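Engineer: Just passing along the structure, written as structure tokens.
Numbering (my numbering), first residue to last: 17 to 113.
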């Protein structure tokens, strides 16, 4: 169970790749893994599938071996974020709250 989360606010329009970079940099400050190791994991996962959830929320993840507990990062995008997934050739619009 995740009981806490890191949070970043996206105040301007951005791309999913820019969000992944910011999220990876934030997580790399807290985890024993570098941003350059996290970025490909998030981008590879999102190219396979981004899981749309309720109320314009999308979820992507990356697995890191050796962590003692799960970690979560929430990104709140004021203007939403377009995410293109190649697996089903559809657009997912995620207005993260």
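Beta carbons are placed, not taken as given, at the ideal position from N, Cα and C, and that holds for glycine.
Model, not experiment: these values are computed from the prediction.
On the DSSP bridge assignment, give the partners of residue 90 in chain order.
Structural biologist: 23
Engineer: Around the Cβ of residue 35, are there at least 16 other Cβ atoms within 10 angstroms (buried) or fewer (exposed)?
Structural biologist: buried
Engineer: For a test of the three-state rule: what should DSSP assign to residue 80, helix, strand or coil?
Structural biologist: coil
Engineer: Following the continuous alpha helix (DSSP H) through residue 38, name the residue where it begins and the one where it ends.
Structural biologist: Unbroken alpha helix (DSSP H) run through residue 38: 32-44.
Engineer: Cα separation between residue 51 and residue 76?
Structural biologist: 16 Å
Engineer: So, using beta-carbon positions, are residue 29 and residue 59 closer together than 8 Å?
Structural biologist: no
Engineer: Under three-state DSSP, which class holds residue 48?
Structural biologist: Residue state, collapsed to three classes: coil.
Engineer: Among 31, 57, 25, 27, which has the Cα closest to the Cα of residue 40?
Structural biologist: 57
Engineer: Give me the Cα-Cα distance between residue 64 and residue 81, rounded to the nearest whole angstrom.
Structural biologist: The pLDDT assigned to residue 64 is 48, lower than 50, so where the model puts this residue is not dependable; a value taken from the coordinates is nonetheless given after this. C-alpha separation (whole angstroms): 20 Å.
Engineer: So, are the CB atoms of residue 38 and residue 24 less than 8 Å apart?
Structural biologist: yes
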